[in-house]
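Have a look at the structure below, then the notes.
Protein chains: 2
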Amino acid sequence: MKAYVWKQSGNSYKLRVMLALLQVPHEEIMVDFPGGEHKQPAFLKLNPRGQVPVLVDGDLVLWDSSAALVYLARKYGGEQWLPTPPAEMAQVMNWVAFSGNEMLFGLQHARRGVMRNVWTLGNLEQCQAAGRIALDVLEQRLKKNDWLALGRPTIAEVACYAYAETAPEGKIALDPYPATVAWLARCKALPQWPARWKY
Amino acid sequence: MKAYVWKQSGNSYKLRVMLALLQVPHEEIMVDFPGGEHKQPAFLKLNPRGQVPVLVDGDLVLWDSSAALVYLARKYGGEQWLPTPPAEMAQVMNWVAFSGNEMLFGLQHARRGVMRNVWTLGNLEQCQAAGRIALDVLEQRLKKNDWLALGRPTIAEVACYAYAETAPEGKIALDPYPATVAWLARCKALPQWPARWKY
């Protein structure tokens, strides 16, 4: 199994977390993102979107981080991280999908803009506004629940953690979101939860 | 089962399609979107994001359309629309996740802006550029495959159809995407595939 990642990418970090939680042997390949390797033909064959991460397992190529979480959870996690009963699976996927919408296009785009001055959809103010909607929804949920989807950690945590933690890098303070901050600490304290790459 | 929808909403249409394909008895509740019902406290209790659609089945409330597709497919569709083997499930979810990212924030935001002059993330040009990335990825896949994820229709089709079909409403012509246009026709020809609401 190969994980193509970039150290600043929160979506890449989601794979790093899941692979570590489930102790899946794999090769981690750090893509030369500043050098534009992700836009070169060889990489575009793996991922037509030209983005990291990509998870490759034999013939299987997954270029969406949510799909990679689904794969790892179902292949190596039994019923723990993504259970099969329809209502439970859907509740988990509700938050996984959420992590790819407001959290990505709000929190992450604000962060990316601040860090790299790349603004493909909206300006800082717009991205921050979308990001705060995401954090409001998280906070409301986490005020009354220790974990997002079910009564235990699932891939909902892995998916939503990545860009919640880095919100301040998009100049969105987490102080108004104490339940979210406490939840971030609970996630981080899970056995095998790995640190980010240094960047 | 209750489906809270709005007639112009592509995410709502995804539920309409899935409920029809699987012939699931349900009550369809047309939310007064122009009247702002989706931002009123009663609705925000169902969906903290203040968006349509919402699917309610007894105590279960799903406010993300991708999660609703997962639920319906797993509860009523056996192994057909979202199979459980990890690699197959992940391939389907790869496209379902894609439908909530570039397709939504590109194609749909361009459309919404053109139709209602609402621009929360980016301007017309930016949304169209993101939307074209989405269509390029679809087209590349559909040039060589009849269906997106597996060798048959899955919820990947249901998820991606909605905003591909309406791309022209965001002033993005589909002429450069003939394989996608042919795939839209194949989807529409599936037994029980329902028309959109009139708007």
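Here the protein sequences line up with chains A and B, keeping their order. Quick note on numbering: the first sequence equals residues 1 to 199 in the working numbering. Quick note on numbering: the second sequence equals residues 200 to 398 in the working numbering. Note that beta-carbon positions come from the ideal geometry of N, C-alpha and C, so glycine has one too.
Asked, Found
"Does residue 236 (chain B) come out as helix, strand or coil in the three-state DSSP assignment?", "helix"
"With a cut-off of 8 angstroms, do at least 3 Cβ pairs link the region 367–387 of chain B to the region 329–348 of chain B?", "yes"
"Suppose you measure from the CA of residue 312 (chain B) to the CA of residue 207 (chain B); what does that come to, to the nearest Å?", "13 angstroms"
"Report buried or exposed for residue 317 (chain B), applying the criterion of at least 16 other Cβ atoms within 10 angstroms of its Cβ.", "exposed"
"In the structure shown, what three-state DSSP assignment does residue 149 (chain A) receive?", "coil"
"Please classify residue 222 (chain B) as buried or exposed, where buried requires at least 16 other C-beta atoms within 10 Å of its C-beta.", "exposed"
"Using a cut-off of 7 angstroms between C-beta atoms, extract the partners of residue 285 (chain B) located in chain A.", "71, 74 and 75"
"Out of B:212, B:366, B:290 and B:242, state which residue places its alpha-carbon closest to the alpha-carbon of residue 333 (chain B).", "B:366"
"Applying the criterion that 16 or more other CB atoms from any shown protein chain within 10 Å of the CB defines a buried residue, is residue 283 (chain B) buried or exposed?", "exposed"
"Can you tell me where the alpha helix (DSSP H) with residue 335 (chain B) in it begins and where it stops?", "323–343"
"Anything in the region 104–118 of chain A with a Cβ closer than 9 angstroms to a Cβ of chain B? List those residues in chain order, please.", "104, 105, 106 and 109"
"Pick out the complete alpha helix (DSSP H) segments inside the region 233–302 of chain B, 4 residues or longer, and give them in chain order.", "240–245, 264–275 and 285–299"
"Count the other C-beta atoms from every protein chain shown that fall within 10 angstroms of the C-beta of residue 32 (chain A), then say buried if there are 16 or more, exposed otherwise.", "exposed"
"Thinking residue 227 (chain B) and residue 266 (chain B) are a contact (beta carbons under 8 angstroms), I'd like their distance in whole angstroms, please.", "Contact flag wrong, Cβ pair sits at about 18 angstroms."
"From the DSSP output, read off the bridge partner residues of residue 2 (chain A).", "A:27 and A:56"
"I need the boundaries of the alpha helix (DSSP H) containing residue 164 (chain A), first residue and last residue.", "155–165"
"Name, please, each residue of chain B whose Cβ falls closer than 7 angstroms to the Cβ of residue 66 (chain A).", "292 and 296"
"With a threshold of 16 other CB atoms inside 10 Å of the CB of residue 388 (chain B), please say whether the residue is buried or exposed.", "exposed"
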